[in-house]
Every structure is written in C-alpha cells, then in structure tokens.
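Encoded as structure tokens, the structure appears first; notes follow it.
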Amino acid sequence: MSLEPKNQVRNEKNILQFILFFTLSLFVLLLVSGFLEIDNSSSNETVERPSLTENKEPQIFGLSGSAYTFDTHIIKQNQFLGEILSDYEISFKKVNQLVQSTKEIFSVRSFRANKPIVFARPDECSPPEFMFYEIDKLTYVKYHFEENGVNVEKVVKPFEVCENEAHGIIKSSLSDAMDASGLGMSLVSKMEDALASSVDFYHIQKNDEFKLVFEEIYIDGELAAYGDVLGAFYKNEQGEHYSLFFENDKYSGFYDFEGRPTKGAFLRAPVKFSRISSRFNRNRFHPIKKRRIPHLGTDYAAPTGTPIFSVSDGVVTAVSRTKNNGKYVKIRHDKTYETQYLHMNGFAKGIKKGVKVKQGQTIGFVGMTGLATGPHVCFRFWKNGKQCNHLRENFPPADPLPESDMPQFLNQAQIIKSALDNITRNHILSDSSSLGIDNNQL
Ligand SMILES: [Zn+2]
Numbered sequence: 000m001s002l003e004p005k006n007q008v009r010n011e012k013n014i015l016q017f018i019l020f021f022t023l024s025l026f027v028l029l030l031v032s033g034f035l036e037i038d039n040s041s042s043n044e045t046v047e048r049p050s051l052t053e054n055k056e057p058q059i060f061g062l063s064g065s066a067y068t069f070d071t072h073i074i075k076q077n078q079f080l081g082e083i084l085s086d087y088e089i090s091f092k093k094v095n096q097l098v099q100s101t102k103e104i105f106s107v108r109s110f111r112a113n114k115p116i117v118f119a120r121p122d123e124c125s126p127p128e129f130m131f132y133e134i135d136k137l138t139y140v141k142y143h144f145e146e147n148g149v150n151v152e153k154v155v156k157p158f159e160v161c162e163n164e165a166h167g168i169i170k171s172s173l174s175d176a177m178d179a180s181g182l183g184m185s186l187v188s189k190m191e192d193a194l195a196s197s198v199d200f201y202h203i204q205k206n207d208e209f210k211l212v213f214e215e216i217y218i219d220g221e222l223a224a225y226g227d228v229l230g231a232f233y234k235n236e237q238g239e240h241y242s243l244f245f246e247n248d249k250y251s252g253f254y255d256f257e258g259r260p261t262k263g264a265f266l267r268a269p270v271k272f273s274r275i276s277s278r279f280n281r282n283r284f285h286p287i288k289k290r291r292i293p294h295l296g297t298d299y300a301a302p303t304g305t306p307i308f309s310v311s312d313g314v315v316t317a318v319s320r321t322k323n324n325g326k327y328v329k330i331r332h333d334k335t336y337e338t339q340y341l342h343m344n345g346f347a348k349g350i351k352k353g354v355k356v357k358q359g360q361t362i363g364f365v366g367m368t369g370l371a372t373g374p375h376v377c378f379r380f381w382k383n384g385k386q387c388n389h390l391r392e393n394f395p396p397a398d399p400l401p402e403s404d405m406p407q408f409l410n411q412a413q414i415i416k417s418a419l420d421n422i423t424r425n426h427i428l429s430d431s432s433s434l435g436i437d438n439n440q441l
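According to numbering that gives the first Met the number 0, the sequence shown is numbered sequentially starting from 0.
Structure follows, in structure tokens:
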C-alpha cells in the first residue's frame, strides 16, 4: 500500500527529468544553430538600439540619404541668414518669406553661431528643397522651400526611452558636479530636485550614499539626454530618504511614501551648485563697512549669471535697486512668508511687480550689484515682517495626494522602491565622474 505513492513519486521524477533533458537539448540545439541570441547586455545597458540593417536606407532628418545631396554650413559669427542662402541661390523674396513664416514656430533670429545648417538638394545642380536647423539633440526645425512659400515644422526626432540606474558614495562633495560636464551635471541637478526638501545638499558628508532610477533618451542608439528621475534614494546621518516620481492626469512630481510632495512649500536655496559664503548672523563683522552689522540673510556664492529662482510660489512685490542691496527682487508667498534676493546682475524676463511666480522659476541672475565683495545672492527670509534664518525654520509640510489617488500612487511607488532597493553597492556607474563624484579627491 505504501509502494504506490512511492512509485508515483518516482514516475513524476522521471517525467521531470525527461522534460528537463528535452528542454536542455532543445536549448543547446537552438544555440548551436544560432536561433537563440543570448542577451549579454549588462543591467545598466538595457537599450534596444535601433540598428540600420543593410536593407534599410539611412535616413537623414527623415529624408532618404540616397535621394538627396546634403550640405552642411556652419554659421559664422554675425553672419546673416540671407548671406548664407544667397550662396545657395535662394531668392531674397524666399528669404523674406522664410523669416516671416518662421516667426511663430522657431525664429531664424534664434540661430546660433558655430551651429550647422543642413541643406538637402534633390541633386547637385538644384537649389535646396529643405533646410534643417538642430535646436537641441532632440529637436530640429525643417524648412521646406515650396513654390509659394516656406513650410516650417518643428520635428522631434524618433527616440527611445530606457531606464537606467546609478549608485554612488560621496567621496568629496557633490559641488564637484560644477566641474562635471553636460549631461552628468543635469542628472545631478535632477537628483537635487527630487530630494530638494529632505536632503540638505549644502551639508553633504563623506560616505553619504545615493541611488537613482532614471530615464535615458536615446536617438539612433546614442544617449541624447536624461529623461525623468523616477526614484531617488539618499542615505546620510539623518537617515534614509526616498523620493518617488508619480504622474497621473492631475499630479506630477516627487512624493514620499505617505504621498506627500517631497518638494516642500519652500526650497532650501535659491540657486543650484553654489556654496554658502556667509550665514545668517546677528553679530557679524561686516567685511566692507569694518564694523559689527548683523547679517540678516544667507549668502550663496555662485558665478555671475547663475539663475536665481523663487523658493516658492508667490507674487512679486518689488523689483528695484538700492545702494546697498543692488538690484533685488522681493516676493510674497503667503500671509506669513516673504523672500528677498539681493545683488542681482539682472532680472529675468517678465519679472516685475505684481507678477505671479512659481517655485523654481528663474527671477534673476547672480551678480554683485550694491555692497558686495564678489558675485553672490544674499537670500533674505521674512516671517511676519521680521527677518529670520530660513535654515532654522520648520516649514509646514505640503498636503498629501488625495485618498482617491493613493492606491494608484502606492502601486507605482512600490515598483520604484523595489527598483531602488535592488540596486546593489557594486552597481557603480561606469563613469562616476560624469555625476560629479570625484573618486580621486579622497
Ligand atoms: Zn548677505
């Protein structure tokens, strides 16, 4: 009686062994005959690069590479478009039509020196049928010279969005990011944005750890830009901080696990990639006036021209200039709080009294107008009409997402969190220098 089940087990074992053997044989067979392609891409390269096979004709700005002759002209300093186009036998009338018809879509006045203009001609002897100007890596403008005018179109190149992840341990400081070039810099900036209210990036410590899940935008198999940061994790002495990207038809932004926006009502600083050069101090010895004068603001030193942004939504109450403050902007955020930004080099376009501004919107640029020894922004925080140290303020947290959106949020948040948690210590970006983390500066 007890044999039967045993036999059954053995039979099942045999069947399993057979299936396993059969599957393996099939696998080997397929492998040998080249049917199976082993995906050996590493985990941070999950990119499906669109390859140009022999049969597929290469496309240049969406045109057949063999049907047109392409010429590239590099725009010289102070060169007029008319001058360039006359070399290509484009009439003055057409140039005029072009200037007029492009105004709304992309003004030719925005063309920059040292950037290329590409012409496409049906053959060597004909005038161009198309002209292209690349605005950035993702977008170009297509000008089609037609009989009765010029047709203008802004084109977003076909792109692929891929997910990537990064992990790092701070060896010196994130401000090294200032030296890092191009894309790496923008990724650091995106991480700062995601964690702006929970991590004080002015007090980064050695051995702080971060992890990122982010999107990369690929064009023709090449990294063209970083997309959204989907999740950010930062571990420092204060603990572990998560920031999770969430987007639906009503909301878009970074949230914590309770569905509260991680970007609080106020940003911690009005400039990026700066350093605090002088803190709020009621007893400060003034470097220019050579006597004790309280410093009722926080100075952030940054290169002239660095954008200064509003730390919160509000209404501009002053755009002015005084002998000591230089050019400054003052903003009222609510009944309680106002902020003021001094020593500006200039104001951003459209910033004037009565204008509404958003958190993070550029309102002016770093300079040293007024009483200043170097380019910086003196940031002043007003609470009920009195100046206070904003770094000591405990601001009320922003409202969480409504109950009705929480299930959708939690669902997405969980996926991002596990992606972050699965990034291991060994998963260091191949090029950590592009993130501004200098491994040599220990
Ligand atoms: Zn100051």
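Positions of the beta carbon are idealized from the N, C-alpha and C atoms, including for glycine.
- Task: Look up Gly-366 in the DSSP assignment and say whether it is helix, strand or coil.
- Result: Walking along the sequence shown from the start, residue 366 turns up at place 367. Gly-366 falls in the strand class under three-state DSSP.
- Message: Using a strict less-than 5 angstroms threshold between each residue's beta carbon and the heavy atoms of ligand 1, what residues do you get?
- Response: Gly-296, Asp-298, Cys-377
- Message: Between His-166 and Lys-210, how many whole angstroms is the CB-CB distance? I'm expecting something under 8 angstroms.
- Response: Within the sequence shown, numbered from 1, the residue matching residue 166 stands at position 167. Within the sequence shown, numbered from 1, the residue matching residue 210 stands at position 211. Rounded, the Cβ-Cβ distance is 5 angstroms, consistent with contact.
- Message: Could you pull the DSSP bridge partners for Lys-141 from this structure?
- Response: Locating residue 141 in the sequence shown gives position 142, where the first residue counts as 1. According to DSSP, Lys-141 bridges with Phe-131, Glu-152.
- Three or more C-beta pairs closer than 8 angstroms, one from the stretch 400-415 and one from the stretch 293-311: is that the case here? no
- Can you round the beta-carbon distance between Gly-258 and Phe-131 to whole angstroms, since I take them to be within the 8 angstroms contact cut? Numbered from its first residue, the sequence shown carries residue 258 at position 259. Numbered from its first residue, the sequence shown carries residue 131 at position 132. Not really, about 45 angstroms apart at Cβ, beyond 8 angstroms.
- Message: Would Gly-349 and Val-314 qualify as a contact pair, given that the criterion is a beta-carbon distance under 8 angstroms?
- Response: The count along the sequence shown starts at 1 and reaches residue 349 at position 350. The count along the sequence shown starts at 1 and reaches residue 314 at position 315. Result no, Cβ atoms of Gly-349 and Val-314 do not sit closer than 8 angstroms.
- Message: Less than 7 angstroms between C-beta atoms, sequence neighbours within five positions excluded: which residues of the same chain meet that for Leu-370?
- Response: Stepping through the sequence shown from its first residue, residue 370 is reached at position 371. Once the five neighbours on either side are set aside, the close Cβ partners of Leu-370 are Ile-287, Asn-323.
- Query: Measuring CB to CB, does Val-117 end up less than 8 angstroms from Leu-80?
  - Reply: Looking up residue 117 in the sequence shown gives position 118. Looking up residue 80 in the sequence shown gives position 81. Going by C-beta atoms, Val-117 is not nearer than 8 angstroms to Leu-80.
- Residues sharing a beta bridge with Ala-223, DSSP: On the sequence shown, position 224 is the one that residue 223 refers to. Paired residue(s): none; Ala-223 is not in a bridge.
- Item | Cβ shell of Thr-423 (< 8 angstroms), same chain only, five flanking positions each side left out | Walking along the sequence shown from the start, residue 423 turns up at place 424. Excluding residues within five positions, the ones whose Cβ falls inside 8 angstroms are His-166.
- Query: Which partner residues does Lys-326 have in the DSSP bridge list?
  - Reply: Position 327 of the sequence shown, counted from the start, is the residue given in the question as residue 326. Answer by DSSP bridge pairing, in chain order: Arg-320, Met-343.
- According to DSSP, is Ile-414 helix, strand or coil? Sequence index remark: in the sequence shown, residue 414 carries index 415 (1-based). Annotated three-state conformation of Ile-414 is helix, per DSSP.
- Task: Verify whether the separation of the beta carbon atoms of Lys-141 and Val-154 is less than 8 angstroms.
- Result: Here residue 141 is taken as the residue at index 142 of the sequence shown, counted from 1. Here residue 154 is taken as the residue at index 155 of the sequence shown, counted from 1. Yes, the pair counts as a contact, with Cβ atoms nearer than the cut-off.
- Whether Ile-307 touches Val-270 by CB criterion (8 angstroms): By one-based count along the sequence shown, residue 307 stands at place 308. By one-based count along the sequence shown, residue 270 stands at place 271. Contact: yes.
- Task: Apply the 10 Å Cβ neighbour rule to Asp-207 and answer buried if 16 or more other Cβ atoms are within range, or exposed otherwise.
- Result: The sequence position of residue 207 within the sequence shown is 208, counting from 1. So Asp-207 counts as buried.
- Thr-261 versus His-202 - alpha carbon distance: For the purposes of this step, residue 261 is taken as residue 262 along the sequence shown, with counting starting at 1. For the purposes of this step, residue 202 is taken as residue 203 along the sequence shown, with counting starting at 1. Each residue's Cα considered, the two are about 18 angstroms apart.
- Message: Tell me which residues share the same chain as Phe-110 and place their Cβ nearer than 7 angstroms to its Cβ, disregarding the 5 neighbours each side in the sequence.
- Response: Reading the sequence shown from its first residue, position 111 is the one you call residue 110. Excluding its 5 nearest sequence neighbours in each direction, Phe-110 has C-beta neighbours in its own chain below 7 angstroms: Ile-74, Leu-80, Tyr-132, listed in chain order.
- Query: For Gly-449 versus His-389, is the C-beta spacing smaller than 8 angstroms?
  - Reply: Coverage of the chain is limited to positions 0 through 441, which leaves residue 449 absent and any answer about it impossible.
- Item | Identity of the residue in Phe-256, Val-187, Asp-398 nearest Tyr-225 by Cα | Against the sequence shown, residue 225 aligns to sequence position 226. Nearest option by C-alpha distance: Val-187.
- Query: Between Leu-243 and Tyr-254, is the Cβ-Cβ spacing less than 8 angstroms?
  - Reply: Stepping through the sequence shown from its first residue, residue 243 is reached at position 244. Stepping through the sequence shown from its first residue, residue 254 is reached at position 255. Judged by their CB atoms, Leu-243 and Tyr-254 are nearer to each other than the 8 angstroms cut-off.
- Query: By Cβ distance, which residues of its chain are closer than 8 angstroms to Asp-38, with the 5 residues on each side in sequence left out?
  - Reply: Looking up residue 38 in the sequence shown gives position 39. Confidence at Asp-38 is low in this model, with a pLDDT of 31, below 50, so its placement is unreliable and no value can be given for it.
- Check Glu-191 in the structure and name its three-state DSSP category. Translated into positions along the sequence shown, residue 191 becomes position 192. Glu-191: helix per DSSP, three-state reduction.
- Val-160 versus Glu-214: straight-line alpha-carbon distance, rounded: Locating residue 160 in the sequence shown gives position 161, counting from the first residue. Locating residue 214 in the sequence shown gives position 215, counting from the first residue. Looking at the two C-alpha atoms, the distance is approximately 6 angstroms.
- Item | Environment of Gln-78 [buried if 16+ CB atoms lie within 10 Å] | One-based indexing of the sequence shown puts residue 78 at position 79. Answer is exposed; the Cβ neighbour count stays below 16.
- Query: Distance, Cα to Cα, Tyr-250 vs Leu-229?
  - Reply: Start at 1 with the first residue of the sequence shown, and residue 250 comes out as number 251. Start at 1 with the first residue of the sequence shown, and residue 229 comes out as number 230. When rounded, the distance between both Cα atoms is 14 angstroms.
- Item | Reduced DSSP category for His-332 - H, G, I as helix; E, B as strand; rest coil | Mapped onto the sequence shown, residue 332 falls at position 333. Coil at His-332, not helix or strand.
- Message: Could you check whether Arg-291 and Asn-282 sit closer than 8 angstroms to each other, using their CB atoms as the reference points?
- Response: Within the sequence shown, numbered from 1, the residue matching residue 282 stands at position 283. Within the sequence shown, numbered from 1, the residue matching residue 291 stands at position 292. Yes, these two residues count as a Cβ contact at 8 angstroms.
- What are the residues that DSSP puts in a beta bridge with Cys-161? For the purposes of this step, residue 161 is taken as the residue at position 162 of the sequence shown. Beta-bridge pairing links Cys-161 to Glu-215.
- One or two residues paired with Gln-58 in a DSSP bridge: The residue labelled residue 58 in the question sits at position 59 within the sequence shown. Beta-bridge pairing links Gln-58 to Ser-63.
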